[in-house]
Amino acid sequence: MRLLYKQLTKEVLRNKVFVWLLFLLVFLSELSFYFVKFSIDGNAAVLESLPVLSANQLQYKNALASNTSLAYTFFFSMLGLACFVFFMFFYHFFGSNAKNFGCLKALGFTDRSLCFYFVLFTAGVSFAGSLIGLAGGYFLSDILVMANKRTYSVTGLIKGVAPFSMVVGFLGAAAILCLNAFLCYFFVRGKEPGALIAGRKRSGVRKTLLIADGIVKLLPVKNKFPLRIALRKPLAVFLIFGAVTAFNVCIILGQSLNFSSQKVFDSQMLGHNYDFDTRYPAYMGELLPFDGLPYLYHEAGLMAGGYEIEQTIIGLYHLNEVYELQDMDMKPLPLPEAGSIYINPGLAEVYGVRKGDSLSVFIDGRKYIFAVAGVAANAKAESILANAAQLAEIMGIPEGTYNGVWSMEKPAGGITTDREQRILRLEKDAVSNNTSSVINQVIGGIIGGILLFLAIYVNFQDNKQDMVILNLMGHSPKGIRRMLIDIYRPILWAVFFLTIVPSIYIVKFIQRSLSVSIKDYIPFGTNAAVIVLIFISLNIIYSVGQSVLFSIIGKTSPGKS
Amino acid sequence: MKAILKAENITKDFEKERVIKGISLDIYENTFTVILGPSGSGKSTLLNILSGLIRPTEGNVKYGDEMMTSWSERRLADWKRTEAGNIFQEYLLLENLTVEENIKIGISPKKGSLSFERLVRILEIDDILCKFPAQLSGGQKQRTAIARAVIKGPRLLFCDEVTGALDEENSKKVVGLLHDLKSTFGIAVLFTTHNQQIAKTADRILTMKNGMVYQDVFNDDPITADAMIWG
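Those protein sequence lines, which keep their order, are chains A and B. Positions 1 to 561 (the UniProt record's numbering) are the ones given, in order, by the first sequence. Positions 1 to 231 (the UniProt record's numbering) are the ones given, in order, by the second sequence.
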């Protein structure tokens, strides 16, 4: 067994590029997990042990719970991508070493012992990546701890990771990746040694080549040969599809998370022209001595998209320049009529509530049906807006009563938040969200880039032997490139255009799921610049892959082929 | 002569093509059997079926009293580890292991092996044990592959066109060595080739055409490997 493992280890390590990238991928996945978990676990345990929490501590505790969901979501998504890259690696490795596997099987080594090696190798990469990721996460978590300290004005924050997180990071990741390796071994499992040794020399034309030929004949392409060569390996082309989609999703998601902070900030400032937001512990009835906007607020629950959602229902008596309500097209909205409400964009985007829908709203345990009159782009976060007269009636208080005021002058009594405090709070949230989203965006971008590079690399590698043969036949490098390589760029472009729209929908779905799981609205946002950025990046990565391949081909003398 | 391996009406289909068409034969102990035939006659496929590298579409292969074709993967692997050796035209040495390691990977922990020193001396590779396959000539590679197949002390040695990539001198050397190993260790050798001269050195010649054995003769007067005339 020692010699078997020595042979396989050396063979695996011949794919240095791949192995390094596999390690890097696991490391980045673990890093993204532990840098968040180090800032969460220790502090969550401390907060849990406190008998009474201050308002800031309570807010911080809720934020930690949300971040935990996010950390797990990102971690398992990245592990999913890592599994895809491992799949690419094994596809490439088993394909290019079929003869060796045939030989080893002919020597009497079983699938079980061969498969065990690859599971062991994967576990090794996983543990090494986890260990370095853990160390990196420990140091990187300083950034999040500092950001949280600023955002929530809490002191005595510590860095610590719970045993359960260690189990998930180390054993969970290893288990998933090892299972993936076990399944990938099906490329070789059960195949007869004779078939593996004979390789493709078996009789007849491969079906995939015939299908590729059929497809190419249908396409209006001048030079059909390169396209047929590329399409003859559907799994390799599928890898490009998967990698481009994953890359698109990583970049769009990262950018969207980045935009979301700004979007939330804008929605809470646009039309919110008041300088003071005052809330009273009791209902007030006196007329305001200045031109303010009194409102009624009350906790409410509603059912949407099969979820029970907690919201604040805000009753408005009138609207003026202090608070200008706007729809999604930035047009002014009138005061909601009795029986109707305006919803915030989160309810529309995350839970699919639409204008004209009937919404069940629970106030003090009683159910009321409201018609959705529209989506208010600048509604207060987690709020729905109703007619105050109707709300007062529901709450059994006289019309004209209020427990909140938006105003340009500071009223007496109540708890007032001034404009500076409001902006500071939104900016702090934005900074905290940006910190984690930028880190995740960078990691996501790198992982997407790795995926794409490997998909292109695998496709190029499949043509390596043909390139050497053409080289021996005297074809110029330029000619070989035109025949076997250049075709992948238009394929990449075609795949990009085919996958960009589905990728946007995938990101919307991911963000919607995230919003539901953390019970916090993350608005989706993208623009043409992001799409152009992805397209340029794809081309750069393609060119890098091409250069690496040519440097490898350059080192391969015909005698060695 | 005692039959060690028995093929009973075996066929093999690759996709829609039948490449082995109902062959029945016995392979005897301590016999050098050549399977002779042109390219595409099915000789390598027959050898692969007999050596357990592929399974027949129909029919059975018996090893002693056991039905090989119904063995589990594990049992078949055990058999390959202990009782059967394979040598290929392309050598199929493991590039990452030295000559010594390439030979020793053929040893089964479940069974004793032949003397390593004696074997490498017979095969004249005792001075290249530390080299890697990429540093060897074709003849050296093939002799290393033979050592790997024989070190376990197999009862059967399957050789698929093993001189196909060698020059005259090395071909003669390899054929001669295989005869020596048969005599020294009592191994039954099955050797596929399209070379008539090699066939003349064999104890028995099975001639194949279109997936069938159409001639099976015992050679009462085999020539030595050195006496082969290379055309």
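Backbone N, C-alpha and C fix where the C-beta goes; we use that ideal spot for every residue, glycine too.
(request) Name, in chain order, the residues that DSSP records as bridge partners for A:Arg279. (result) One-based indexing of the first sequence puts residue 279 of chain A at position 279. Partner(s): A:Gly404, A:Ile415.
(request) Give the DSSP-derived three-state secondary structure of A:Ser203 in the structure shown. (result) What you label residue 203 of chain A is simply residue 203 of the first sequence in a count that begins at 1. Here the model assigns A:Ser203 a pLDDT of 47, short of 50, so the residue's position is not dependable, and the following value carries that caveat. DSSP places A:Ser203 in coil when its eight states are reduced to three.
(message) Looking only at its chain, what residues have a beta carbon closer than 6 Å to the beta carbon of A:Glu409, apart from the 5 residues adjacent to it on each side?
(response) By 1-based counting over the first sequence, the position of residue 409 of chain A is 409. Once the five neighbours on either side are set aside, the close Cβ partners of A:Glu409 are Phe290.
(message) For A:Gly172 and A:Val188, I'd like the C-alpha separation in whole angstroms.
(response) Residue mapping note: residue 172 of chain A aligns to position 172 of the first sequence, counting from 1. Residue mapping note: residue 188 of chain A aligns to position 188 of the first sequence, counting from 1. Rounded to the nearest angstrom, the two C-alpha atoms are 26 Å apart.
(message) Can you tell me whether A:Asn43 is helix, strand or coil according to DSSP?
(response) Here the question's residue 43 of chain A lines up with position 43 in the first sequence. It is helical.
(message) Distance check for A:Gln390 and A:Lys331, CA to CA, integer angstroms please.
(response) On the first sequence, residue 331 of chain A is found 331 positions in, with the first residue counted as 1. On the first sequence, residue 390 of chain A is found 390 positions in, with the first residue counted as 1. Between A:Lys331 and A:Gln390, the C-alpha separation is close to 25 Å.
(request) Could you tell me whether any Cβ in chain B is nearer than 7 Å to the Cβ of A:Thr110? (result) Position 110 of the first sequence, counted from the first residue, corresponds to residue 110 of chain A. Closer than 7 Å: yes.
(message) Within 7 Å of any Cβ in chain A, is that where the Cβ of B:Leu53 sits?
(response) The count along the second sequence starts at 1 and reaches residue 53 of chain B at position 53. Yes - at least one Cβ of chain A is within 7 Å of the one on B:Leu53.
(request) Could you tell me if A:Ser203 is buried or exposed, where buried requires 16 or more neighbouring beta carbons within 10 angstroms of its beta carbon? (result) Walking along the first sequence from the start, residue 203 of chain A turns up at place 203. For A:Ser203, the pLDDT reaches just 47, beneath the cut-off of 50, and the residue's location in the model is therefore unreliable, although a value from the coordinates is still provided. The residue in question, A:Ser203, is exposed, as its Cβ has fewer than 16 Cβ neighbours within 10 Å.
(request) With DSSP as the reference, label A:Arg112 as helix, strand or coil. (result) By 1-based counting over the first sequence, the position of residue 112 of chain A is 112. Note: A:Arg112 maps to helix in three-state DSSP.
(request) Please state if the CB of A:Ile252 and the CB of A:Gly445 are separated by a distance shorter than 7 Å. (result) As a first step, residue 445 of chain A is located in the first sequence; it is residue number 445 there, counting from the start. As a first step, residue 252 of chain A is located in the first sequence; it is residue number 252 there, counting from the start. No. Outside cutoff.
(request) Please state whether DSSP places A:Asn387 in a helix, a strand or coil. (result) The residue given as residue 387 of chain A occupies position 387 in the first sequence. Strand at A:Asn387.
(request) Please determine if the region 472 to 485 of chain A and the region 114 to 123 of chain A are in contact, where contact requires at least 3 C-beta pairs separated by less than 8 Å. (result) no
(request) Go ahead and pull the three-state DSSP assignment for B:Phe132. (result) Locating residue 132 of chain B in the second sequence gives position 132, counting from the first residue. Of the three classes helix, strand and coil, the one that applies to B:Phe132 here is coil, per DSSP.
(message) Just to confirm, is the Cβ distance from B:Leu178 to B:Gly139 under 7 Å?
(response) Within the second sequence, numbered from 1, the residue matching residue 178 of chain B stands at position 178. Within the second sequence, numbered from 1, the residue matching residue 139 of chain B stands at position 139. Not a contact, by the Cβ cut-off of 7 Å.
(message) Does A:His318 come out as helix, strand or coil in the three-state DSSP assignment?
(response) Numbered from 1 along the first sequence, position 318 holds the residue referred to as residue 318 of chain A. If DSSP states are grouped into helix, strand and coil, A:His318 belongs with coil.
(message) Suppose you measure from the CA of A:Ala106 to the CA of B:Lys80; what does that come to, to the nearest Å?
(response) In the first sequence, residue 106 of chain A corresponds to position 106, counting from 1. In the second sequence, residue 80 of chain B corresponds to position 80, counting from 1. Rounded to the nearest angstrom, the two C-alpha atoms are 7 Å apart.
(message) I'd like to know whether the C-beta atoms of A:Val154 and A:Gln57 end up nearer to each other than 7 Å.
(response) Taking the first sequence and counting its residues from 1, the one referred to as residue 154 of chain A is at position 154. Taking the first sequence and counting its residues from 1, the one referred to as residue 57 of chain A is at position 57. Their beta carbons are under 7 Å apart, which means A:Val154 touches A:Gln57 by this criterion.
(message) As a quick exercise: from A:Leu64, A:Glu30, A:Ile343, pick the residue whose alpha carbon is nearest that of A:Ser39.
(response) Here residue 39 of chain A corresponds to residue number 39 of the first sequence, with the count starting at 1. When only C-alpha atoms are compared, the closest one is A:Leu64.
(message) What residue range does the beta strand (DSSP E) around B:Asn219 cover?
(response) The residue labelled residue 219 of chain B in the question sits at position 219 within the second sequence. First-last for B:Asn219: undefined, no H or E at that position.
(message) Would A:Ile394 and A:Ile363 qualify as a contact pair, given that the criterion is a beta-carbon distance under 7 Å?
(response) In the first sequence, residue 394 of chain A corresponds to position 394, counting from 1. In the first sequence, residue 363 of chain A corresponds to position 363, counting from 1. Taking 7 Å as the Cβ cut-off, A:Ile394 and A:Ile363 qualify as a contacting pair.
(message) For a test of the three-state rule: what should DSSP assign to B:Thr57, helix, strand or coil?
(response) As a working mapping, residue 57 of chain B is identified with position 57 in the second sequence. Three-state DSSP puts B:Thr57 in coil, outside helix and strand.
(request) Give me the Cα-Cα distance between A:Leu219 and A:Lys207, rounded to the nearest whole angstrom. (result) Reading the first sequence from its first residue, position 219 is the one you call residue 219 of chain A. Reading the first sequence from its first residue, position 207 is the one you call residue 207 of chain A. Distance between the alpha carbons of A:Leu219 and A:Lys207 is about 19 Å.
(message) According to DSSP, is residue 562 of chain A part of a helix, a strand, or is it coil?
(response) Coverage of chain A is limited to positions 1 through 561, which leaves residue 562 of chain A absent and any answer about it impossible.
(request) Quick one: which unbroken alpha helix (DSSP H) runs of 4-plus residues sit fully inside the region 36 to 90 of chain B? Chain order, please. (result) 43 to 50, 73 to 82
(message) Residues of chain A with CB closer than 8 Å to the CB of B:Asp78, please, in chain order.
(response) Taking the first residue of the second sequence as position 1, residue 78 of chain B is located at position 78. Ordered by position in chain A, the residues that pass the 8 Å Cβ test against B:Asp78 are Gly108.
(message) Nearest by alpha-carbon distance to B:Val175: which of B:Ile187, B:Gly186, B:Phe191 is it?
(response) Along the second sequence, read from residue 1 onward, the residue named residue 175 of chain B stands at position 175. Among B:Ile187, B:Gly186, B:Phe191, the Cα nearest to that of B:Val175 belongs to B:Phe191.
(message) Please report the straight-line C-alpha distance between A:Met88 and A:Gly448, rounded to a whole angstrom.
(response) In the first sequence, residue 88 of chain A corresponds to position 88, counting from 1. In the first sequence, residue 448 of chain A corresponds to position 448, counting from 1. In a straight line, the C-alpha of A:Met88 is about 14 Å away from that of A:Gly448.
(request) Spell out whether any CB of chain A is found under 7 Å from the CB atom of B:Glu168. (result) Within the second sequence, numbered from 1, the residue matching residue 168 of chain B stands at position 168. False, the Cβ-Cβ gap to chain A never drops below 7 Å.
(request) Check whether the Cβ of A:Cys250 lies closer than 7 Å to any Cβ atom in chain B. (result) The residue you call residue 250 of chain A lines up with position 250 of the first sequence. No, its Cβ sits nowhere closer than 7 Å to a Cβ of chain B.
(request) Spell out the partners DSSP gives A:Ile343 in its beta bridges. (result) As a working note, residue 343 of chain A is residue 343 in the first sequence. A:Ile343 is bridged to A:Val375.
(message) So, with DSSP's three-state summary, where would you put B:Thr11?
(response) For the purposes of this step, residue 11 of chain B is taken as residue 11 along the second sequence, with counting starting at 1. DSSP places B:Thr11 in strand when its eight states are reduced to three.
(message) Checking the sheet assignment: what are the DSSP bridge partners for A:Gly301?
(response) Looking up residue 301 of chain A in the first sequence gives position 301. A:Glu310, A:Phe362.
(request) Could you name the residues of chain B that A:Gly199 contacts, counting a contact when the two beta carbons are closer than 7 Å? (result) Working through the first sequence from its first residue, we reach residue 199 of chain A at position 199. Within chain B, no residue comes near A:Gly199; the closest Cβ sits about 10 Å away, beyond 7 Å.
(message) Rounded to the nearest angstrom, what separates B:Met208 and A:Leu28 at their Cα positions?
(response) Counting from 1 along the second sequence, the entry for residue 208 of chain B is found at position 208. Counting from 1 along the first sequence, the entry for residue 28 of chain A is found at position 28. Rounded to whole angstroms, B:Met208 to A:Leu28 spans 59 Å at the Cα level.
(request) Tell me whether A:Tyr457 sits in a helix, a strand or coil according to DSSP, three-state version. (result) Locating residue 457 of chain A in the first sequence gives position 457, counting from the first residue. A:Tyr457 falls in the helix class under three-state DSSP.
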